[in-house]
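There are 2 protein chains.
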Amino acid sequence: MLKEVLLGLLIAAVALTVGILLGHFGIKKGSSVPEWVQDASKDVDERIIEEFLEKLDNIQIQENLRELTKVPHMATTPGDEATVNLMLKRWQDPKTGLDSAWREDYDVYLSFPNKTNPNKVSVVKSSDKVLFTVREREKAYYPEQDDPEVVQPYAAYSPAGHAKGKLVYANQGKLSDYELLNATLNLTGTIAITRYGGEGRSGKAINAAKFGVVGVLVYTDPYDINDGKSDESETYPHSWYLPPSGVERGSYNIDFGDLLTPYLAAKKDTYRIPKEQITGIPPIPTQPIGFEDAYVLICELDGNDAPDAWQGGFNCTYKFGGPGFKSTSQFSDSDVQLDIYNREEIKPSANVMGIIRGSVEPDRYVIYGNHRDSWVHGAIDPSSGTAVMLEITRVLGTMVKEGKWRPRRSIIFGSWGAEEFGLIGSAEYTEEYFSKLIERTVAYINVDISVFANATLRASGSPSTQNVIFTASKQVNAPGTTASVYDNWIKYFNRTSPNYGLIPNVGFLTGAGSDYAPFMHYLGITSMDFSYTYDRSQTRARIYPAYHTAYDTFDYSSKYIDPGFTSHQAVGRTAGNVLVRLADSLLLPLNCIDYAESLEQYLDEAVKTFGTKLTNKGISMEPLKNAVQLFRNAATKLDTVIRDADLANETPLKARRINDQLMLLDRAFLDPLAFPEKYAFRHVIWTSRSSSVPTFPGLADAVEKAEKSGMKDDWDLAHKHLSIVTQAIAGAAHTLDDVI
Amino acid sequence: MLKEVLLGLLIAAVALTVGILLGHFGIKKGSSVPEWVQDASKDVDERIIEEFLEKLDNIQIQENLRELTKVPHMATTPGDEATVNLMLKRWQDPKTGLDSAWREDYDVYLSFPNKTNPNKVSVVKSSDKVLFTVREREKAYYPEQDDPEVVQPYAAYSPAGHAKGKLVYANQGKLSDYELLNATLNLTGTIAITRYGGEGRSGKAINAAKFGVVGVLVYTDPYDINDGKSDESETYPHSWYLPPSGVERGSYNIDFGDLLTPYLAAKKDTYRIPKEQITGIPPIPTQPIGFEDAYVLICELDGNDAPDAWQGGFNCTYKFGGPGFKSTSQFSDSDVQLDIYNREEIKPSANVMGIIRGSVEPDRYVIYGNHRDSWVHGAIDPSSGTAVMLEITRVLGTMVKEGKWRPRRSIIFGSWGAEEFGLIGSAEYTEEYFSKLIERTVAYINVDISVFANATLRASGSPSTQNVIFTASKQVNAPGTTASVYDNWIKYFNRTSPNYGLIPNVGFLTGAGSDYAPFMHYLGITSMDFSYTYDRSQTRARIYPAYHTAYDTFDYSSKYIDPGFTSHQAVGRTAGNVLVRLADSLLLPLNCIDYAESLEQYLDEAVKTFGTKLTNKGISMEPLKNAVQLFRNAATKLDTVIRDADLANETPLKARRINDQLMLLDRAFLDPLAFPEKYAFRHVIWTSRSSSVPTFPGLADAVEKAEKSGMKDDWDLAHKHLSIVTQAIAGAAHTLDDVI
């Protein structure tokens, strides 16, 4: 009996043990960990990054580009509408598209030449006899240039009108150029011919008008664009250089966004300012021409020899102009006449928008964008970027549709309209969705021209993005090398960081060269801009030579810019890698310590260049120094909080809190009243700057103005800008503080 | 054997079952629910609310008030410093204080009379013989009025200077008042006497100067303040009415914040504008006087009878003035002379700040504030509010120190300095911490004068706060009744809501009457203002009669305003209840549907009053109607999301997402460029308005201006304001949309 009892007890003990084990491990508890606990701590998955990099295909990019550049697609033309439909078709594809895609139209103010009455530039005798006429179309080497949709070269927003006068050569049309000319010549009633570079497009005409000049021609000097080469045999289609008849089109305005609706989205019934109130556009007729024609005009000019810095690539000595031509010239006693028939029109322009909805934090956006409109075929500008964007959306869209992946945060793609006329599509978008975007956007990635040339990556951005750009570029192979994009890049652009030593140089986004401007400067959204670019030891071209001409075609790109499209692919892989990291990382890969380093760099420069000058006026730089120190301390403290955290196992509200601090850092530098004279520039650190001193723009420009004028009001303004930037930096530091 | 086996199996089965049960329920799983899962879903605890309401004590408030009002505590005086130390002592108390408390000083531009050379107002013969002199101090009924720290009555920011001229009576000093006077009189070189009300303080002098008036007197008419009573036997200390010698001091400026540092915190080295650039202050010497003296002057005036609306409480007919006095008067042929010796000084003024750190979302702030500075003893203005604030912090602080409670979100308390000079402490605070506050602040609660009178609650705020104010006021008993504060309130102020039927009327915060202005108007932070106030069937006093005089004392308050301090208690309970709900609720108790109702109310008014006028000018109101509809739809949709949610059991990031939408709703209405002429007014819906039409302020003011002038530019401005408000409302609607 004892044995049975013992056996029974043994059985019972075993059963109890089995039961306990079963009960503990075999049955899911009702109060078990909710599913969202796992989701909330999800971090970037390196396997997804690898898959993305692997699948992003150069041949797909090539074929995207071929399709995008079939016809010219200037904003609001039928060719533009075709690209709208192409984007929608791709982004709405059930197997490779996004969650959803749609178009949003704005009624925007554009300027076009008159097809039936083209702009004319001619040399005329006083008898009105026409001695010479500038060509109205670029020479056709391929059918592309013969497409009737190729727009005549023109200066968008130049007023229509007729101007006639003696010609002068005004170098780059800078204020100082006209001042120099004006020292010996009476410019009243003259026509100025200027070359691209050194001054914004419309600035050449705005400056000219101040001296009584009545019309302006703009051309591209072979010295600046072709490394001096001007012979047809040396230019496209024989090389990448600009053919003699090539003309850079462009928008001649300073402010960005729709010019009639400042700070308001250009909808049907939106208030529009009277045309006369538009500022920043040429006050006098202006027209761009090719260097073939410019040569004929410039080399016939009379007058004194222009200074060395004014000489260009023609085989003649550039002279100021009599004003007018040499007496020995066929053009002697003749005027240059401009007949400009540009017309302004309000036309609907579309942005195409697409989204992948975030799984964990759908209310956080990473935006990736590029404009869609070109001047002509735009194989490089902007379709090289669009071809890459379409490949990125194909790869990511496919992973989403296959159920393999969904980003933690939402990803928004924007294909902006009418950028060439002044970043209009992106600017109107930021005006319409101002509050929503400013509240929720983690970062904006811009890839406009993805490949200028195939030597190296070029990246610009807010300092906090440096780290994620480095991480991404280290994972991508540089085409034509065995090195990474990062290792290749550091050979071309580098700097010595106090913190990291020698690193690639990430540029600052201080201008408004592409659609990052409304995001960075108006909304204070941390932004980046990526491209592949030149080996500067090989060329000093201002920009790739076919820029804004009828030669910016698929043929040109595939032969001379990026044969094989591997540089396109490298840019897509790098920018896409950054995109996925921003969208998927539990902790945003934005680094506030690197921001402190940039501020210190700016501070050092400010103290060095302006310190004594300010002190002499009784203006102390101590508050600025203290603010930068405050920022450094707060950044260090936040960095420690981050390093000490175990975010995957802590409340998701902690990661969110830190991420909000990182996301909103650039926002803290906004001051909507700091730069009343600069449209939509609100970022106190990165706003555009006239001064050549690489430091805080408001301060630098104000001090230089005050030094020049010596006026108390101007020194007051310098002091005010010092206080503005001080308060902005201290305010940003407060946002990095833990809580209070 | 079978029996034993069966028994063994039975034992085994039982043991197994017990084991399973034990294993499942008895042992905590390693992968069990992390603690923060509970924390993250924590909601408001009604027992904490009950405890708070119960512990908030009227006698403590009374004693706080007694201590706060021992001495006059005008900004930056020793008395003010004593209150700074009192606040710090209370908030740093280890048993009843906050987590931490500190002071923050700004160097602010203030204006004071000269103690050794007081301002003088006299009647002088041309021989400079002084016939009459206005009294320089208010009459003492108690030692308080004899305190040497009682500041002479003066108009802060009135320039120093001497002005002499014939007296005229200009009613309230409105532009229309001077226009009427000017129709029959030459005002050049005159002194105007005006009564308080109808126009801002400095406006009375700014308007006057436009007509050549050289000096301005301001007095309080017994009709406006004393329900007509002017005899000393009927006034304080015999009743709550203003004694004949009482003078309302005040700050004579329009813009708020430190006048020398617009948009910049007034730190030591901050840029200061030149004094001459200050706008909105009197351009001519200005001085307030008591009605005892005003009576002597006004009843001796010559000239035509003033209109009925200009007549006041004196037992004489108010006349325009000859200009000057009647020929039969003792003052005939005499001038009134002002000798003003005010001095501006930059002095350090302190905010005292305190915080209770939030447990779950420390990076979300609920701010509760009141100013600390008074003109004299300030028992009502502002110490009635400060006494309540100290009691709220005592009760909450004690619960925190005892470990009973810690709010979900951080609570910040602000005791602002120099409010009487133009909301300076709170304005500088919002300028210094602009980015941090705008990113993180859930709401601002202002309780300045907590009790004007003991009849009923008055509450104003952003429409989204209506609901939480109702909830809180229903839980508090109205003193002297058996009804709730809510049920008592609805009897005094009510309206019929399309959604709720008859409800108490929550006012809109359209002005800058207290420290809510920088939060609401400059930062777009959802704000509220609470007080107990008058039974309007009992008095038509502009404000409680001792306002800004030497009679605003503990004695006055405890006898005539709130004997027993139960109205103070009711305000503290209501505002504190709102505070705890905002700090503790899992879902913020802010209601976007109620915002939609207010926008619709404004829209209806705009369409009714301005619709035809705008249509006649070709300006369509359709976009505004569509925007309001868009807002209504988005609000309804978000409300549904909220109602369908199970936030306590979903990811905390969902509650955070919705809370961010609610928190940032008022922010979406900011436009820093909409009102360039109004300092720091950026909220497109609630900005101050000149028009009497209760609708969108920019639109209303612009249409009325355009109607008056008939000029195209003015109609353009009306159209622009229509587009601005349309875009703001549509933009706000976008922020309520789910994600994209």
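Chain order of the listed sequences is A and B.
Per my numbering, the first sequence runs over residues 1 to 740.
Per my numbering, the second sequence runs over residues 741 to 1480.
Cβ coordinates follow ideal geometry from the N, Cα and C atoms, glycine included.
Being a predicted model, the structure only gives us computed values, none of them experimental.
Residues of chain B whose Cβ lies closer than 8 Å to the Cβ of A/Glu622 are, in chain order, Asp1009.
Not one beta carbon of chain A lies nearer than 8 Å to the beta carbon of B/Arg1429. The C-beta distance from A/Ser688 to A/Thr510 rounds to 6 Å, short enough to meet the 8 Å contact threshold.
Using a Cβ-Cβ cut-off of 8 Å, B/Ser781 does not count as an interface residue toward chain A, since no Cβ of chain A sits closer than that to its own. In this structure, the beta-carbon distance from B/Val1320 to B/Ala1090 does not fall below 8 Å. Per DSSP, reduced to three states, the secondary structure at A/Ala418 is coil, with no helix or strand assignment. With a threshold of 8 Å between beta carbons, B/Ser1150 makes contact with chain A.
For A/Leu260, the CB contacts under 6 Å within the same chain, skipping 5 residues up- and downstream, are Tyr109, Arg272, Ile273 in chain order. By the Cβ criterion, the region 274–294 of chain A is not in contact with the region 1378–1392 of chain B, since fewer than three pairs of Cβ atoms, one from each stretch, lie closer than 8 Å.
Under a criterion of Cβ atoms nearer than 7 Å, the residues of chain A adjacent to B/Pro1102 are, in order, Val739. Identification of chain A residues near B/Pro774 by a Cβ-Cβ cut-off of 9 Å yields Val33, Val37, Asn649, Glu650, Thr651, ordered along the chain. One alpha carbon belongs to B/Lys879, the other to B/Thr816, and they sit about 25 Å apart. For B/Asp961, the CB contacts under 6 Å within the same chain, skipping 5 residues up- and downstream, are Arg935, Gly1052, Gly1053 in chain order.
Annotation: B/Lys1348 has no Cβ neighbours in chain A at a cutoff of 9 Å; minimum Cβ distance is about 20 Å.
For B/Gly1471, the C-beta contacts it makes with chain A under 8 Å involve Glu432, Tyr433, Phe434, Ser435, Lys436, in order along the chain. The beta carbon of A/Ser245 lies closer than 7 Å to those of Arg135, Glu138, Lys139, Gly290, Glu292 in the same chain, with the five residues before and after it left out. Within chain B, Ser1175, Lys1176, Glu1179 have C-beta atoms less than 7 Å from the C-beta of A/Thr735, given in sequence order.
Against chain B, the beta carbon of A/Tyr263 has neighbours under 7 Å at Leu1413, listed in chain order. Straight across, the Cα-Cα distance linking A/Ser464 with A/Asp584 is about 17 Å. Taking a C-beta cut-off of 8 Å against chain A, the contacting residues of the region 1445–1465 of chain B are Asp1456, His1459, Lys1460, Leu1462, Ser1463, Ile1464, listed in chain order. In the three-state DSSP reduction, B/His902 falls in the strand class (E or B). With the rule of 3 Cβ pairs closer than 8 Å, the region 365–376 of chain A does not count as touching the region 50–60 of chain A. Scanning the region 1207–1262 of chain B for uninterrupted alpha helix (DSSP H) segments of 4 residues or longer gives 1225–1232, listed from N- to C-terminal end. In this structure A/Ile356 touches A/Ile411 by the C-beta definition: roughly 4 Å separates them, less than 8 Å.
Our two residues, A/Asn370 and B/Ala1252, have alpha carbons roughly 44 Å apart in a direct line. For A/Ile392, same chain residues with a beta-carbon under 6 Å away, outside a window of 5 residues either side, are Gly572, Gly576 in chain order.
Under the DSSP definition of a beta bridge, B/Leu1197 partners with B/Tyr1272. Residue-level contact check: A/Leu582 does not touch chain B, since none of the beta carbons of chain B fall below 8 Å from its beta carbon.
Between the region 1153–1171 of chain B and the region 1195–1204 of chain B, the count of C-beta pairs closer than 8 Å stays below three; the two stretches do not touch.
Not a single CB atom of chain A sits nearer than 8 Å to the CB of B/Ala1257.
DSSP, reduced to helix, strand and coil, places B/Met1361 outside both helices and strands of the structure shown, so it counts as coil.
With a threshold of 8 Å between beta carbons, B/Arg1397 makes contact with chain A. Under the Cβ distance rule, A/Gln629 does not count among the residues neighbouring chain B, no pair being separated by less than 8 Å. Among the residues facing chain B, A/Arg667 is included, as its CB has a counterpart in that chain under 8 Å away. Contact with chain B is absent for A/Gln92, since none of that chain's Cβ atoms lies less than 8 Å from the residue's Cβ.
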